[in-house]
Each structure stands twice: as structure tokens, then as C-alpha cells.
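Counting from 1, position 91 in the sequence shown corresponds to residue 102 in this note's numbering; the numbering is continuous, with no gaps.
The beta-carbon is built from N, C-alpha and C at its ideal position, and this holds for glycine as well.
Predicted, not measured: the structure shown is a model, and the values here were computed from it.
Heads up: the structure comes next, in C-alpha cells.
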Amino acid sequence: MNFGFIMAIYFIKHSDKAQDSRARRSVAKSEWVKIYRGIYSDDISTPIEDQIRSNIIPIVKHLFPNSMISHRSAANLKVENGKFFLTGKNNYQHKLADVTIIQSKGPESLKSDPIYIGYPCSSESRYLLENLQIDRGLKKSLGQAWVEEKLDQLINISDESRINEIRDIARQIAKKFQWDKLFNKLDNIIGCLQGTRVAPLLTTRAKARASGEAFDNDRITLFEQLAVFLHRCDFKQRKPLLSIDIAFSNAAFWDAYFSNYIEGTAFGIEEAEEIIYEHKESVGRHEDSHNILRSYDLLSSRDEMKRLHKTPEEFIEIIKHYHRYFMAENTEIMPGEFKTKPNRAGNTHFVLPTLVEGTFIRIYPIINEFQCPFKRAVFCMFIVAEIHPFIDGNGRIARMIMNSELIKGGLERIIIPTIYREDYLGGLRAVSRNQDFAAYCRMLDRAHYFTARFDYSDANTIKEEFIRIGLDRDDKEALLPAYNYRNEMSHIPVL
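Here's what the structure looks like:
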């Protein structure tokens, strides 16, 4: 079939007469709505304007395949004030309902520019330079004040090497594009914030950090102890019963549904199906609807789940990318940016903001010690959950990272259903409070055994089975079915 399917949006090739005719018939029957030439939706209830905003990246990918997201849109990844900005081969404006897509003539994408849902976007260093450009009325640049605030946030949540890396990459970009004046301005701002230069525009100064104080020593010790224990374990490598795309997508639905539910973003199953499959936003719950929808986008994409990392910087970037995408509508929690204030859960105080990035960097080499994908997954999930790097969304990100490692290793993902929530939280607390690594590992091993038992190829069948079992029961007395786990459990030493 010569059309692409993204959520509730269909992209029809103009040359495909059969599909074009089908689309016209569907519109005539009020089964589809036409958004633009070659772009249709089977969501006939949501206003077209809202559908365009929610699907802006796949839409611009279809309309402007050789361009890239840039300037303020690269920083925020969404339509703001009715505008979305691109860089391409020429200047061009394109109106879609109440959204104006504005393309400015500029240089091509680079290898350092990330890809979001198959479409290039300016890297952090590049969009900092772009947003220092003098705007000629288009409002594509956020301006110097925003850049100062952005850099100040980065200094607060990163060590100095991260800011220097941004500057080094920006220097290379400026040299290639002849953006010397922009780089000099950025370089001057960074110098002011680091306290190496003085300028009247600066209102705060970066704190100096000694190299040995950039990570949480207690957490590093705990992570190292967990790693030693994991090396003693022998986990069963449970693969999906079926590796076909529909089974992968159906499993991703339940992954997204339960991962959000146990964190308080609770929907009924049918309501979640409407949000994910029909793109119907729940009334009065804009952010929550987009959280579960965008979680599904990531969890159902093999490309997203198989993102590779070979350095701590790449690992951190993946974590930020996942958070930045699925929490994009929750602007108050700084999507994709590490926390700037301490956070806690009960009596558990997580890693301080100034130590977050350094702790990831310090512990990263241990991740690569694990050849077993399950051990990598168990380890990565715990360090993200324990560091708690963001204001919100940490549990969901931790489980995304865990399942990314499992999927890259060819194993079935782990789904934590509502009925298993207390066991899951208890396993995490067992490590944080008592260094009971065995309890934590048994908890995830059992969840993996349970998840891998099912055939996800038929959505209705798996839905009926999960409802029959009562996986969505929000009841502390409810228990996950044991089945034959006692005879199928992995070898986990007793402490």
C-alpha cells in the first residue's frame, strides 16, 4: 500500500490514483477528513487545527522532506503562536489551517543534528546559535535573553565539560557555516556565565566545581554493589513469542498504558485506545493525553527503542531525547532538561541536580561491562530511577531505557501492570533502603516471565485476557498470577 500511517494521519502519494480515489470516497462518506492535499485523517471529531499541531513533525516531514526543524522550533519541538520553523533550500511559507510553516533559506543538516521521528532537527549547539540570529519579523529566534537562560539552566544541571562541549561543537558549526559573529556572541555569554568574563548582561554567575565533587559518591557505591550482584546472576533470555510488527505495536500499547497508569496518569482501557489509536484527546486532560500518546510513539518504534550509545554523552542524550519528546506538552517540567531543584519520594532523596550528569558519566563504563541484555536493562533501569534526573516522568523514562536495552538484545520487553505496582515499587525500595538486590532482580525477572508468556499479535485477544486476569486492578491486595514461574525463574543468588 502506497501510503504511510502515523497515528490517525494518512499520507497519500499524488501519483497513486487508487489510494487517492479511496481517500476521496472516505471523505465523501465522512469516514475521513482532508487536512491538506495528500494528507488525510480518520479522526473526524478532533478539529483539524489540533490534529495539525499534534502531528506537526510527520506533516512537515511529508511536505518538506529535504528540510529540517530549526531555530525556536528545534528548541521546543512544537507549534508556538501558530508558527513552526524550518530551514531549507529557499524561503517559503505554507499555511495549514491556523498553523504557518515558515521555511528560511539556510545550510543543510549535519551529522551532529539529531533525528526526531525520522526528521532532522538542529542540535543543541546549532539551535543556540540560530536563536542568536537577528530576527527580521518572523519571530523564528528566541533571542539572546532566552539563550542566556538556557545556558544558565545547563550549567546548573551539568558539569563544566558539557558546556565546553556545546561551545566546541558550536565553534565547528560556525566555522562550516561562516557564523563567526554568532559564535563570538555565544562564546561571550558562556564565558560570562562561567565567571571568566564580566558583562552587564549577566545576572548570575556559574558556581565553580572541583572535578572530584561532580558525582554522588554514595550512589556510585550502591550502583557498583548492584553490578557485582548482577554478575553473579544467570538470567533467562526470554524472547518474544512473535517478532512481527503488529505484536510489537500491541505490546507497546500495554507498555505505555500501564507505565503511565502506575505513575498517576490513569485512563480506562477504552479511553486509552481512543487516545492512542483514534487520536481523541481526553476532555480536560491535554497533557496526560499527550503523555500516553507520545509514550506509545516511542515504545512502538523499533528505531527509537534501538537507539545505540557508546559513550556516556550518547546515553544521556537518549534519556533526554525520550523525555523531551514524550513530555513535550508539560512545559513547566523542562522537557528534555535535567532538574534544577532537588527531588525526593518519601524519605528517599535523589541525586542532587548539580551531581546528576556527573553521576551518569561516572557510572556509565559499568553498563558496557554487561554482555547480557537483561543485566544491562536491570542496571540501566535502576540507575535512572535512583538518580531521578528530571522534575517528573522519571519512572517512565527508567522503564523506557530498560525496555530499550531488552529490545536491542532481541528479548521481550517488561510490562509492569497496575496489579504489580506495589511489588515493583517494593523492589526499588529494597535496593535503595536495604541493598536487597535479590528482591529487586526477582521482581523484574517475574515481570519478564509474565510479559513473555503472551502472544500479542491479536489486540482483542490480549485485551480480553488481560482484563480477565485483572491486570488493571488498582488494588493493593491483588496479585500477579504466578503461572509456572517457580519452575521458570532465573538463577538469582540469595543474599
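- Of the candidates Ile378, Tyr451, Tyr435, the residue whose Cα lies closest to the Cα of Glu416 is Ile378.
- Straight through space, the alpha carbons of Val38 and Ala29 are spaced by roughly 14 Å.
- Counting C-beta atoms within 10 angstroms of its own C-beta, Leu319 has fewer than 16 neighbours from the protein chains shown and is therefore classed as exposed.
- DSSP links Lys106 through a beta bridge to Thr111.
- Rounded to the nearest whole angstrom, the CA to CA distance from Pro504 to Arg249 is 19 Å.
- For the pair of segments examined, the region 319-338 was found not to touch the region 36-51: the number of CB pairs separated by less than 8 Å stays below three.
- If you ignore the 5 residues before and after Tyr268, its C-beta comes within less than 6 Å of the C-beta of Ala283, all in its own chain and listed in chain order.
- Cβ-Cβ distances below 7 Å link Leu193 to Leu140, Leu143, Gln144, Ala185 in the same chain, with the five nearest sequence neighbours on each side left out; the list follows chain order.
- Residue nearest to Ile327 within the set Phe75, Pro118, Pro400, Lys151 is Pro400 (criterion: CA-CA distance).
- Between Lys187 and Ala339, the C-beta spacing is not below 8 Å.
- For Glu60, the closest alpha carbon among the candidates Ile128, Arg178, Val110 is that of Val110.
- CA-to-CA, the gap between Ser260 and Pro346 works out to about 25 Å.
- Separation of the CB atoms of His82 and Ser152 is rounded to 6 Å, and the pair is thereby assigned contact status at 8 Å.
- When the Cα atoms are used, Phe226 and Leu366 turn out to be separated by approximately 5 Å.
- Between the region 147-166 and the region 69-85 there are three or more inter-stretch CB-CB distances shorter than 8 Å, so the stretches are counted as touching.
- Pairwise C-beta distances place the region 419-426 in contact with the region 452-459, as three or more of them are shorter than 8 Å.
- Around the beta-carbon of Tyr435, 16 or more other beta-carbon atoms lie within 10 Å, marking it buried.
- Taking each of Ile201, Val158, Glu159, Glu42 in turn and checking the Cα distance to Ile174, the smallest one comes out for Ile201.
- Each residue's CA atom was taken as its position, placing Asp486 and Glu325 some 39 Å apart.
- Only buried fits Val44, as 16 or more other CB atoms lie within 10 angstroms of its CB.
- For Tyr494, same chain residues with a beta-carbon under 7 Å away, outside a window of 5 residues either side, are Arg464 in chain order.
- Here Gly406 is buried: its Cβ has 16 or more other Cβ atoms, across all protein chains shown, within 10 Å.
- Sorting Phe385, Arg440, Tyr431 by C-alpha distance to the C-alpha of Ile418 places Phe385 at the top.
- The Cβ neighbour count for Ala263, taken over all protein chains shown within 10 Å, is at least 16; the residue is labelled buried.
- A residue is called buried once 16 or more other Cβ atoms fall within 10 Å of its Cβ, and Gln382, having fewer, is exposed.
- The beta-bridge partner set that DSSP reports for His360 consists of Arg355.
- With respect to Ile68, Tyr138 sits apart: the two C-beta atoms are not nearer than 8 Å.
- In the DSSP assignment, Phe326 falls within the alpha helix (DSSP H) that extends over 323-337.
- Taking the Cβ atoms as the reference, Lys72 lies roughly 4 Å from Tyr130, within the contact range of under 8 Å.
- Secondary structure note for Tyr21: its beta strand (DSSP E) is the uninterrupted segment 20-23.
- For Ile408, the enclosing alpha helix (DSSP H) begins and ends at 405-419.
- Under the DSSP definition of a beta bridge, Phe96 partners with Ile113.
- Looking at the backbone, the Cα of Asp179 and that of Asp198 are separated by about 10 Å.
- Under DSSP, the beta-bridge partners assigned to Ser52 are Ile20, Val44.
- Approximately 24 Å separates the beta-carbon atoms of Leu253 and Val389; this is outside 8 Å, ruling out the contact.
- Nearest C-alpha to Gly275 among Gly481, Val294, Ile303, Pro251: Ile303.
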